[in-house]
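Position in the sequence shown (first residue = 1) + 474 = the working numbering. The beta-carbon is built from N, C-alpha and C at its ideal position, and this holds for glycine as well. Everything below concerns the one structure shown next.
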Amino acid sequence: MKNILTRLAIFISTLISINLVPTFSAQASGTPVISAPTNLYAIVASTTTAVTGVSVSGLTATDSYTVTITLNSGPANSGFKISTTTGVTASTGYVLVADSLTSSTSFYGSQTNVNNALASLSYYSGAGGSGPNIAFSVG
Numbered sequence: 475m476k477n478i479l480t481r482l483a484i485f486i487s488t489l490i491s492i493n494l495v496p497t498f499s500a501q502a503s504g505t506p507v508i509s510a511p512t513n514l515y516a517i518v519a520s521t522t523t524a525v526t527g528v529s530v531s532g533l534t535a536t537d538s539y540t541v542t543i544t545l546n547s548g549p550a551n552s553g554f555k556i557s558t559t560t561g562v563t564a565s566t567g568y569v570l571v572a573d574s575l576t577s578s579t580s581f582y583g584s585q586t587n588v589n590n591a592l593a594s595l596s597y598y599s600g601a602g603g604s605g606p607n608i609a610f611s612v613g
C-alpha cells in the first residue's frame, strides 16, 4: 500500500497540500492507483486555482474507479469544484453537481470519465486563514 503526499506551493503564506490515500478494492484486474504532479501552485485568497495532473490508473478499461475527495482544512468559505461530471455518478450519500463548491464528494465511473472529472478540478480559496489540505482516495 502506497501513500503519496504531494506538497504544492506556498504563496503569501498559503499552501495547498494534496494527500493521496489509495484504497484497494477487490478487483481481479489490478490495483487502483491515484497520482498527482509535484509542480507548485500559487494560491491567492478569494480566487480559484486549477488543480491539474491528478489521475487514476491501474485497472482495466472496463473497471470502475471510485474516487473520494475531501477538503480537510482551509480558510472559511473555501472548497473545490469539478466542472466535468459526464459519465461519473455520485456515490451513495454524496452529491456531485458540476461547478458547485463543496468540501467533500465521492463519485465513480470508468477510468476515462473519472480522469476527465479530475482534470476539471479546481480549488477556491476563501479569504485568509490557513492553507488547505485536499485528500484523495481511490478504490
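Query raised in the report: Alpha carbon to alpha carbon, what distance is there between residue 601 and residue 563?
Result: Looking up residue 563 in the sequence shown gives position 89. Looking up residue 601 in the sequence shown gives position 127. Taking the straight line joining both Cα atoms gives about 31 Å.
Report task. Counting only the same chain and skipping the five closest in sequence on each side, list residues whose C-beta sits under 7 Å from that of residue 565. Result -> One-based indexing of the sequence shown puts residue 565 at position 91. Scanning its chain for C-beta atoms nearer than 7 Å, with the 5 sequence neighbours on each side dropped, one finds around residue 565 the residues 540, 580, 581 and 582, in chain order.
Report task. Note the first and the last residue of the continuous beta strand (DSSP E) segment covering residue 546. Result -> Taking the sequence shown and counting its residues from 1, one reaches residue 546 at position 72. Counting along the chain, the beta strand (DSSP E) containing residue 546 begins and ends at 539-547.
Requested in this report: Could you tell me the distance, in whole angstroms, from the CA atom of residue 415 to the CA atom of residue 520?
Outcome: Limits of the chain in this structure are 475 at one end and 613 at the other, which puts residue 415 out of reach.
Requested in this report: In the DSSP assignment, find the unbroken alpha helix (DSSP H) run with residue 588 in it and report its ends.
Outcome: Mapped onto the sequence shown, residue 588 falls at position 114. That run of the alpha helix (DSSP H) goes 585-593.
Query raised in the report: Among all the DSSP beta bridges, which residues are the ones paired with residue 524?
Result: Counted from its first residue, the sequence shown places residue 524 at position 50. The partner list for residue 524 (beta bridge, DSSP) reads 596.
Query raised in the report: Just how far apart, CA to CA, sit residue 546 and residue 576?
Result: Taking the first residue of the sequence shown as 1, we reach residue 546 at position 72. Taking the first residue of the sequence shown as 1, we reach residue 576 at position 102. Roughly 12 Å between the two C-alpha positions.
Report task. Compare the Cα-Cα distances from residue 570 to each of 584, 586, 591 and 585 and report the closest residue. Result -> On the sequence shown, position 96 is the one that residue 570 refers to. Of 584, 586, 591 and 585, the residue nearest in Cα terms is 591.
Query raised in the report: Anyone know if the C-beta pair for residue 596 and residue 525 falls short of 8 Å?
Result: The sequence position of residue 596 within the sequence shown is 122, counting from 1. The sequence position of residue 525 within the sequence shown is 51, counting from 1. Result yes, Cβ atoms of residue 596 and residue 525 sit closer than 8 Å.
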